[in-house]
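Structure first, commentary second.
There are 2 protein chains.
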Amino acid sequence: MASTPSVTTPLLSPPTQPPVVDLTIDNITRKVVQASSQSGDARLDYLMERLVTHVHDFARETRLSTREWMAAIHFLTQTGQMCSPVRQEFILLSDVFGLSMLVDSIDHPKPPDCTQGSVLGPFHTNDAPHLPIGSSMTTDAAGEPMLALCTVCDSSGRPLSGVKVDIWEADSSGHYDVQYAGRQAPSERCVMTSDVDGGFWFKAIRPVSYPVPDDGPVGRLLELLKRHSHRPAHMHFIFEKQGLDRLVTTLFIRGDQYETSDVVFGVKSNLVVDLERVDEKTAAEYGVLEGTLLLRHKFILASARETEELRDRNAMEAMGRLGLKTKLMDHLPVPDLD
Amino acid sequence: MASTPSVTTPLLSPPTQPPVVDLTIDNITRKVVQASSQSGDARLDYLMERLVTHVHDFARETRLSTREWMAAIHFLTQTGQMCSPVRQEFILLSDVFGLSMLVDSIDHPKPPDCTQGSVLGPFHTNDAPHLPIGSSMTTDAAGEPMLALCTVCDSSGRPLSGVKVDIWEADSSGHYDVQYAGRQAPSERCVMTSDVDGGFWFKAIRPVSYPVPDDGPVGRLLELLKRHSHRPAHMHFIFEKQGLDRLVTTLFIRGDQYETSDVVFGVKSNLVVDLERVDEKTAAEYGVLEGTLLLRHKFILASARETEELRDRNAMEAMGRLGLKTKLMDHLPVPDLD
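In the order they appear, the protein sequences are chains F and W. Using full-length UniProt numbering, the final residue of the first sequence is 338, and nothing's skipped along the way. Using full-length UniProt numbering, the final residue of the second sequence is 338, and nothing's skipped along the way.
Below you can see the structure in the form of structure tokens.
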């Protein structure tokens with residue numbers, strides 16, 4: 001595997017490939033892997049070797065029928081064709097099979113006590129307005145007003161100023177702004193920057209549970225699998241600053257009926273929060289009515305270096321456990337051929 | 001796995017799922033499989049169990065990064081969006097990774113001496129004209145004329161009459177009719193029915209090698225992998241008749257420069273044919289010029305029953321070798337829970 005073709009060999013000419021004739025159920029995987037792992041990029045070759053092996057093993061272990069294969073072709077085609085600038089059905093597919101959570105866990109492991117990550121989901125946009133601290137990010141008069149008082153610090157508890165915080169949630173009907181055909185401007189989303197004390201606060205509405213878009217191929221699959229399509233009430237956050245590991249996470253409101261059955265497997269205990277009510281003093285301080293819902297949370301962020309070290313260590317340990325002889329190249333495993 | 005939910009449980013209600021909170025790299029697969037294998041359809045549950053396991057194992061064994069995952073999301077989306085009524089990029093993807101050949105080998109195993117199968121490819125259409133035996137299926141004046149004299153028989157050598165034969169090939173420039181934007185009518189394709197002696201013959205052109213459509217995501221992937229995108233010169237056939245196993249196959253012209261490196265891994269030795277030249281007698285008999293290229297071939301077809309028995313036997317043997325405790329349901333493996 002992964003032998004580097006001579007640079008004097010013209011690219012794409014037939015002789016660079018070992019002969020592939022008379023392939024059988026038993027030898028086809030080795031031959032396809034040989035043909036597909038000569039790019040000279042050790043990481044790409046390793047990804048292809050693992051991909052072809054798993055796809056073929058799946059077909060062999062299920063004795064996949066032509067009819068089932070064709071159903072899969074149609075499903076993937078429809079999934080791609082459901083995607084648009086405001087809808088990403090393949091991310092949704094990845095989410096409902098737990099792949100998105102798994103990849104986040106692998107790529108962004110958290111040191112103890114740091115805020116856990118969760119799924120990005122398909123509704124983040126890049127056009128949210130940058131609002132000053134204390135702003136309202138809601139235009140939904142039907143939503144239940146909620147004040148959010150948050151801080152962000154590093155793993156030693158030091159406040160982090162100047163962190164870019166991306167915040168978004170569904171409206172009171174359980175839809176994101178991008179799900180409306182007539183969307184004129186961003187709503188129920190904003191970007192803020194933490195202050196010198198690591199603080200940021202904003203006005204929003206109480207998150208509600210909602211179904212993921214279930215009128216497409218992924219929704220039909222969930223129905224076939226007799227799985228519900230709901231996410232428990234939640235609010236999304238992304239934290240970014242030079243030197244920090246980018247944190248994509250979600251806070252969940254405790255007590256939601258879907259809290260233990262999130263369709264995208266995103267719930268972690270330390271991301272589930274209790275809502276409080278604003279007292280008289282806080283009401284006066286932040287200019288909201290007494291009794292308003294209050295979300296308080298402290299986010300604890302790992303540095304890029306902490307995450308990188310943890311990821312590298314986890315990777316080498318896991319490769320060892322799996323019995324795979326690999327080394328890290330740019331922090332990602334490739335076969336160790338020495 | 002595969003426990004059937006009580007029929008009195010309302011569908012899609014949260015309690016039908018085991019709780020999923022605090023999933024980690026190590027427990028997420030078991031939890032997602034549990035949630036995704038309660039459809040009550042044992043085959044679907046088994047497919048999902050194997051699919052989730054392989055997809056997750058791929059991510060764990062490669063320590064898939066968020067950036068790589070996102071590249072895969074984009075790739076799949078582009079592949080879906082490249083599909084149209086006349087182009088199937090996902091079939092092409094399956095073809096270039098040998099999955100199409102593997103599935104055909106599993107689902108349509110051939111008894112000894114029967115004609116082997118090969119890939120369907122993305123260019124079959126359902127609008128080919130039904131032509132009488134002896135017709136020409138070409139409108140390509142630039143192609144080198146070729147006479148094809150074929151017979152079809154069963155595995156005991158008995159001629160098979162009334163077999164529907166679907167035939168298609170690329171034109172002399174290496175393009176199928178559907179690849180032309182202005183396609184008015186089918187060309188270089190037809191459907192014939194074998195006569196009482198199992199014979200069918202037609203006029204066509206010499207097949208040429210050509211690249212698969214490489215201006216899309218699959219073509220870009222092949223380029224990254226430093227694989228050429230060519231198929232050796234060939235002609236496609238599908239044979240269908242009640243009681244016979246549907247045969248999807250291809251004849252390859254010996255001596256092509258891509259004969260041992262077909263980009264879709266479709267070449268089998270007993271599908272590679274030598275072209276002859278028409279002699280004086282044959283020329284007179286079939287109304288072509290002496291010296292015209294001649295393709296002669298005898299196709300030997302398995303019965304539906306022969307294929308089914310062989311498939312079942314292969315499946316049970318393979319499951320045994322893999323150590324999977326399965327039984328066959330409608331000729332497809334499902335877990336044997338007894």
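Where is the CB? At the ideal position from N, CA and C, for every residue including glycine. Everything numeric in this text was worked out from a predicted model, so none of it was measured.
What residue from the options has the CA that sits closest to residue i's CA?
i, options, result
"Thr125 (chain F)", "F:Asp107, F:Pro111, F:Trp168 and F:Thr115", "F:Trp168"
"residue 340 (chain W)", "F:Arg60, F:Phe252, F:Val165 and F:Lys298", "What the structure shows of chain W is the stretch from 1 to 338, and residue 340 (chain W) is not part of that stretch, so it cannot be assessed."
"Glu144 (chain F)", "F:Ser136, F:Cys150 and F:Met101", "F:Ser136"
"Ser229 (chain F)", "F:Phe252, F:Gln34, F:Leu271 and F:Gly219", "F:Gly219"
"Pro122 (chain F)", "F:Val212, F:Ala148 and F:Gly80", "F:Val212"
"Leu324 (chain W)", "F:Arg63, F:Leu310 and F:Ser173", "F:Arg63"
"Arg183 (chain F)", "F:Val163, F:Gln257, F:Asp127 and F:Asp95", "F:Asp127"
"Ala204 (chain F)", "F:Leu222, F:Thr138 and F:His175", "F:Thr138"
"Phe85 (chain F)", "W:Ala304, W:Gln81, W:Thr66 and W:Pro85", "Contrary to the premise, residue 85 (chain F) reads as Pro rather than Phe in this sequence. Considering only alpha carbons, the answer is W:Gln81."
"Pro159 (chain W)", "W:Gly320, W:Ile300, W:Ala318 and W:Glu308", "W:Ile300"
"Lys31 (chain F)", "W:Ser173, W:Val196, W:Ser261 and W:Leu275", "W:Ser261"
"Glu306 (chain W)", "W:His74, W:Pro112, W:Ser65 and W:Phe237", "W:Pro112"
"Thr193 (chain F)", "F:Pro217, F:Pro232, F:Gly216 and F:Cys150", "F:Cys150"
"Leu275 (chain F)", "F:Ala233, F:Ala304, F:Ala181 and F:His108", "F:Ala233"
"Pro109 (chain F)", "F:Asp95, F:Asp245 and F:Ile25", "F:Asp245"
"Gly243 (chain W)", "W:Ala304, W:Ala71, W:Thr249 and W:Lys281", "W:Ala304"
"residue 371 (chain W)", "F:Leu222, F:Ile73, F:Lys268 and F:Val96", "The displayed coordinates of chain W run from 1 to 338. Any statement about residue 371 (chain W) would go beyond what the structure contains."
For the beta strand (DSSP E) that residue i lies in, which residues bound it at each end?
i, result
"Phe200 (chain W)", "Gly199 to Ile205"
"Met82 (chain F)", "From DSSP, Met82 (chain F) is part of no beta strand (DSSP E) but of the alpha helix (DSSP H) over Thr66 to Met82."
"Leu149 (chain W)", "Pro145 to Asp154"
"Ile300 (chain F)", "Leu293 to Leu301"
"Leu332 (chain W)", "Leu332 to Pro335"
"Leu328 (chain W)", "Thr326 to Met329"
Report, in whole angstroms, the separation of the C-beta atoms of residue i and residue j, which I expect to be a contact under 8 angstroms.
i, j, result
"Gly98 (chain W)", "Phe265 (chain W)", "5 angstroms"
"Ser36 (chain W)", "Arg227 (chain F)", "7 angstroms"
"Ala302 (chain W)", "Cys114 (chain W)", "5 angstroms"
"Met235 (chain W)", "Leu251 (chain W)", "5 angstroms"
"His56 (chain F)", "Leu102 (chain W)", "6 angstroms"
"Val163 (chain W)", "Glu240 (chain W)", "7 angstroms"
"Gly198 (chain F)", "Val152 (chain F)", "5 angstroms"
"Met48 (chain F)", "Leu225 (chain W)", "7 angstroms"
"Asp195 (chain F)", "Ser161 (chain F)", "6 angstroms"
What is the rounded straight-line gap between the Cα of residue i and the Cα of residue j?
i, j, result
"Leu93 (chain W)", "Arg313 (chain W)", "29 angstroms"
"Pro10 (chain W)", "Val165 (chain W)", "At Pro10 (chain W), the pLDDT of 38 sits below 50, so the modelled position is not reliable; the number obtained from the coordinates is stated separately. Spanning the two alpha carbons is a distance of roughly 49 angstroms."
"Asp336 (chain F)", "Leu120 (chain F)", "33 angstroms"
"Glu259 (chain W)", "Ile28 (chain W)", "45 angstroms"
"Gly157 (chain F)", "Arg43 (chain W)", "51 angstroms"
"Pro186 (chain F)", "Arg206 (chain F)", "18 angstroms"
"Tyr210 (chain W)", "Pro132 (chain W)", "29 angstroms"
"Pro19 (chain F)", "Val263 (chain F)", "46 angstroms"
"His54 (chain W)", "His54 (chain F)", "6 angstroms"
"Cys190 (chain W)", "Ile106 (chain W)", "28 angstroms"
"His331 (chain F)", "Ser65 (chain W)", "10 angstroms"
"Cys83 (chain W)", "Ile91 (chain W)", "10 angstroms"
"Gln257 (chain F)", "Leu271 (chain F)", "16 angstroms"
"Glu188 (chain W)", "Glu317 (chain F)", "58 angstroms"
"Asp177 (chain F)", "Asp215 (chain F)", "17 angstroms"
"Asp140 (chain W)", "Asp171 (chain W)", "7 angstroms"
"Phe75 (chain F)", "Phe75 (chain W)", "15 angstroms"
"Gly291 (chain W)", "His175 (chain W)", "26 angstroms"
"Asp45 (chain F)", "Thr326 (chain F)", "13 angstroms"
"Leu294 (chain W)", "Phe202 (chain W)", "11 angstroms"
Can you tell me where the alpha helix (DSSP H) holding residue i begins and where it ends?
i, result
"Ile25 (chain W)", "First-last for Ile25 (chain W): undefined, no H or E at that position."
"Leu102 (chain F)", "Leu99 to Asp107"
"Pro217 (chain F)", "Pro217 to Leu224"
"Asp57 (chain F)", "Ala42 to Thr62"
"Gly307 (chain W)", "A small correction: the amino acid at residue 307 (chain W) is Thr; Gly does not occupy that position in the sequence shown. Ala304 to Leu322 is the span of the alpha helix (DSSP H), which, as asked, contains Thr307 (chain W)."
"Ala233 (chain F)", "Premise fails: Ala233 (chain F) is in no alpha helix (DSSP H) and is neither H nor E."
"Leu251 (chain F)", "Segment Leu247 to Ile253 is the beta strand (DSSP E) holding Leu251 (chain F); no alpha helix (DSSP H) there."
"Val191 (chain W)", "Run containing Val191 (chain W): none in the alpha helix (DSSP H); it sits in the beta strand (DSSP E), Arg189 to Thr193."
"Thr164 (chain W)", "Per the sequence presented here, residue 164 (chain W) reads as Lys, with Thr not at that position. Looking at the DSSP string, Lys164 (chain W) is not in any alpha helix (DSSP H); the run it does join, the beta strand (DSSP E), is Lys164 to Trp168."
"Ala141 (chain F)", "No alpha helix (DSSP H) holds Ala141 (chain F); DSSP gives it neither H nor E."
"Thr282 (chain W)", "Glu280 to Tyr286"
Under 9 angstroms between beta-carbons, which chain B residues line up against residue i? List them in chain order, please.
i, result
"Gly80 (chain W)", "Of the protein chains in the structure, F and W, none is chain B."
Exercise. When you check each C-beta in the UniProt domain "Intradiol ring-cleavage dioxygenases" (136-281) of chain F against every C-beta of chain W, which residues fall closer than 7 angstroms?
Worked result: Leu224, Leu225, Lys226, Arg227, His228, Gln257, Tyr258, Thr260, Ser261, Asp262, Phe265, Val267, Lys268 and Ser269
For this session: Please name the residues in the region 303-320 of chain W whose beta-carbon is closer than 7 angstroms to at least one beta-carbon of chain F, in chain order.
Result: Ala315 and Ala318
For this session: May I ask you to list, following chain order, the residues of the region 37-61 of chain W that have a beta carbon less than 9 angstroms from some beta carbon of chain F?
Result: Within the region 37-61 of chain W, the residues whose Cβ lies closer than 9 angstroms to some Cβ of chain F are Ser37, Gln38, Ser39, Gly40, Asp41, Arg43, Leu44, Asp45, Tyr46, Leu47, Met48, Arg50, Leu51, Val52, Thr53, His54, Val55, His56, Asp57, Phe58, Ala59, Arg60 and Glu61, listed in chain order.
Exercise. Taking any Cβ of chain W, which residues in the region 95-116 of chain F have a Cβ under 8 angstroms from it, in chain order?
Worked result: Phe97, Gly98, Leu99, Ser100, Met101, Leu102, Val103, Asp104, Ser105, Ile106, Asp107 and His108
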